[in-house]
Amino acid sequence: MKLKLTLAAALLVAGCSSDPNRLPPTNPFKPEQRSAREMRLEASQLYKAARESLDTSDFSTAIERYDRLVQRFPFSDYATQAQLEKVYAQYRNYDHDGALAGAERFLREHPRHAGAAYIQYIKGLTNFDREEGLSDMLGLDATQKDMGYSRRSFDDFGLLVQKYPNSPYAADARQRMVQLRNQIADSEMHAVRFYMKRGAWIAAAKRSEQIISQYPGAPVSLEALQTMEQSYRALDLNPQADEAAKLLAANRHLGAAAATPPPPKPVPAAVVPVTEPVAEKKGGWSVEFGEKELFRSGESTPAGAAPAPPPPPGTVVDGKTAAPAAAAPKKSRGFTMELEGEEVVGPEADARRAKAAQTAQEAPAPDAKAATSPTAAP
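So, in structure tokens, the structure goes:
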């Protein structure tokens, strides 16, 4: 009986000492419940901070903020845009491995995203700059180095042209493919010259044939034909040598054009998304080798491009992706480049601007008297 009274008194004292305003203990394994509006506002603030760092070229800080945004709000539109812009930030921060990994992940997770063509373009630029940077740093001749990154860049740009032929980045990608093709063919021809010095006629003939078939239009195609003829003569394969001699004679007049030094190498171009169709290539004479063109006169590499690729198109406003407002872009030689300090105008903004202008033209002019009369109805 005494024990029961003691327990009852203890419970009574505990009940009286409890604070009704005291919150229950929080569960560390259960996240705090917040409204969707609060989460959206926090994501918007974090995204704006990351975008400001990106616009001010503070790429390291931008990458950290993009990572934080993706971790805290992984299923929001802000996270998708953050992944896209992070690839650009890593590319500009010379994090080539990170940019390539982020680009592949973005294309795998968002294959139908409006920025997929842009990411594919950045992927090609990353391999393109990686090859150029390594050669310049080591002082290597373009024909005496491994062309692994150049081949990857060529494949990346080729996939961009194939999947997104009407993309604003397709024209620049085609021009870069021409330069990469010429560089790879020159590297292959360097190996052929080595075989010729060693008297490896079979290897020289086969490698020359591969240059003509795999890289049609390269300036070294004529030298490859000449090497084929010499190799077949040395092997007493006169029919094959005569065929190579006929092709060489038919293309002899192209030697001056093929020997012309190439124009300056392009740097990453600032291509702004536009609604106009891509201009057609200039016509040029060509000679067929089987089913593929041997040489085309109208191909060249771009010159005078801007020093950096465009920033990521579009921003996120109120949880929805939208293009930023900016001044009209500057056009030059078929390439559309952004002005210094301006943002890239996305295709949605261009379409809305054109539609608004058309509506303003079609709208009837207001009555001057009604507009000036103080008694006019509102």
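Mind the numbering: the sequence shown is residues 985 to 1362 in this note's numbering, read in order.
Just so you know, even glycine gets a beta-carbon here, dropped at the ideal spot from N, CA and C.
Values in this document were obtained by computation on a predicted structure and should not be read as measured data.
Proximity winner among the options, relative to residue i (alpha-carbon distances)
| i | options | result |
| --- | --- | --- |
| residue 1031 | 1041, 1021 and 1061 | 1061 |
| residue 1232 | 1206, 1224 and 1218 | 1206 |
| residue 1091 | 1236, 1144, 1178 and 1138 | 1144 |
| residue 1040 | 1159, 1073, 1093 and 1221 | 1073 |
| residue 1077 | 1171, 1297 and 1047 | 1047 |
| residue 1193 | 1170, 1167, 1208 and 1142 | 1208 |
| residue 1112 | 1098, 1132, 1093 and 1102 | 1132 |
| residue 1297 | 1099, 1176 and 1071 | 1099 |
| residue 1101 | 1056, 1065, 1151 and 1114 | 1151 |
| residue 1219 | 1234, 1186 and 1236 | 1186 |
| residue 1134 | 1110, 1148 and 1149 | 1110 |
| residue 1201 | 1063, 1167, 1085 and 1223 | 1167 |
| residue 1164 | 1148, 1115 and 1174 | 1115 |
| residue 1198 | 1070, 1056, 1162 and 1034 | 1162 |
| residue 1075 | 1056, 1229, 1155 and 1104 | 1104 |
| residue 1070 | 1093, 1055, 1043 and 1056 | 1043 |
| residue 1295 | 1024, 1051 and 1068 | 1068 |
| residue 1195 | 1182, 1211 and 1180 | 1211 |
| residue 1189 | 1160, 1097 and 1228 | 1228 |
| residue 1064 | 1084, 1181 and 1097 | 1097 |
| residue 1184 | 1084, 1223 and 1216 | 1216 |
| residue 1446 | 1033, 1178, 1180 and 1106 | Since the first and last residues shown for the chain are 985 and 1362, residue 1446 lies out of range. |
First and last residue of the uninterrupted alpha helix (DSSP H) at residue i
| i | result |
| --- | --- |
| residue 1161 | 1154-1182 |
| residue 1081 | 1080-1093 |
| residue 1060 | Looking at the DSSP string, residue 1060 is not in any alpha helix (DSSP H), and its letter there is neither H nor E. |
| residue 1136 | 1132-1147 |
Cβ neighbour criterion (16 or more within 10 Å) applied to residue i
| i | result |
| --- | --- |
| residue 1146 | exposed |
| residue 1213 | buried |
| residue 1029 | exposed |
| residue 1081 | exposed |
| residue 1191 | buried |
| residue 1037 | buried |
| residue 1053 | buried |
| residue 1138 | buried |
| residue 1108 | buried |
| residue 1095 | exposed |
| residue 1269 | Low confidence applies to residue 1269: its pLDDT is 35, below 50, so where it sits in the model is not reliable, and the reading given next is rough at best. So residue 1269 ends up on the exposed side. |
| residue 1059 | exposed |
| residue 1149 | exposed |
| residue 1022 | exposed |
| residue 1035 | buried |
| residue 1136 | buried |
| residue 1086 | buried |
| residue 1130 | exposed |
| residue 1055 | exposed |
| residue 1203 | buried |
| residue 949 | With the chain covering only 985 through 1362, there is no way to say anything about residue 949. |
| residue 1160 | buried |
| residue 1025 | exposed |
| residue 1313 | Any reading at residue 1313 needs caution, since the residue's pLDDT is 34, under 50, leaving its predicted position unreliable; the model's value is listed next. Flag for residue 1313 reads buried. |
| residue 1226 | exposed |
| residue 1172 | buried |
| residue 1141 | buried |
| residue 1282 | Per-residue confidence for residue 1282 stands at a pLDDT of 42, beneath the threshold of 50, marking its modelled position as unreliable; no derived number is given. |
| residue 1307 | Residue placement at residue 1307 is poorly supported in this model, since its pLDDT is 42, which falls under 50; the coordinates still yield a value, given next. Buried, because 16 or more other Cβ atoms sit within 10 Å of the Cβ of residue 1307. |
beta-carbon residue i near the ligand SAH non-hydrogen atom, thresh 7 angstroms
| i | result |
| --- | --- |
| residue 1039 | Absence of the ligand SAH from the depicted structure is noted, as is the absence of any ligand whatsoever, leaving it without description. |
4 or more residues per run - each alpha helix (DSSP H) lying fully within the region 1187-1243: Fully enclosed alpha helix (DSSP H) runs of 4 or longer: 1205-1218, 1222-1234 and 1239-1243.
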